[in-house]
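Novice: Right, I'll just put the structure down here and ask away after.
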Amino acid sequence: MLFYSQELDLNGKIQIEKVKKSSKLYEGLSINKFLDSIPNIKMLRIIPNMPQDSYSTFIFGFTDNKTFSKAEKKDRVTIVVDGSNLTDKLMPAELYKIDTDKNEVKRKFGNLRVVSISR
0 MLFYSQELDL NGKIQIEKVK KSSKLYEGLS INKFLDSIPN IKMLRIIPNM PQDSYSTFIF
60 GFTDNKTFSK AEKKDRVTIV VDGSNLTDKL MPAELYKIDT DKNEVKRKFG NLRVVSISR
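Going by this note's numbering, the letters in the sequence shown line up with residues 0 to 118, in that order.
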């Protein structure tokens, strides 16, 4: 069950539920196409996985990083995507946090592919 204490209206909540329930449909799609199916984001965190892995974990949030960090874990609304970074040499080597929006993320990481979506 998701708790929505963060800044999403009812339509946004429904969009998130749809994506999580049909996560297999997004596997292999570009981050660009994935972002078109969710509400506007306000933050991004990227967690690089071990060097031998070919993907990094993207956490998309719907509030700024400071608010997200202060929220209790059960109250955080996120979508976690493992994105393939085989062809992208610009991936950060350590934890990366920014307050951002869809357009900036599309510009920087839109060519990456969705490997999986956590429910």
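All C-beta atoms in this analysis are idealised placements derived from N, C-alpha and C, irrespective of residue type, glycine included.
Note that the structure is predicted; figures quoted are calculated from it, not measured.
Buried or exposed for D81, please, with buried defined as at least 16 other CB atoms from any protein chain shown within 10 angstroms of its CB.
Specialist: Classification for D81: buried.
Novice: Please confirm whether L111 and I30 have their CB atoms less than 9 Å apart.
Specialist: Yes. Within cutoff.
Novice: From F59 to N10, what does the alpha carbon distance come to, in whole angstroms?
Specialist: Each residue's alpha carbon lies about 17 Å from the other.
Novice: Using only CA atoms, which one of P38, T62 and F33 lies nearest to R44?
Specialist: Nearest C-alpha to R44: T62.
Novice: Since I believe P47 is in contact with S36 (beta carbons under 8 Å), could you give me their beta-carbon distance rounded to a whole number of angstroms?
Specialist: About 25 Å; that fails the 8 Å criterion.
Novice: What are the uninterrupted segments assigned as alpha helix (DSSP H) that are 4 or more residues long and contained completely in the stretch 29 to 59, given in chain order?
Specialist: Those alpha helix (DSSP H) runs which fall completely within the stretch 29 to 59 and span 4+ residues are 30 to 34.
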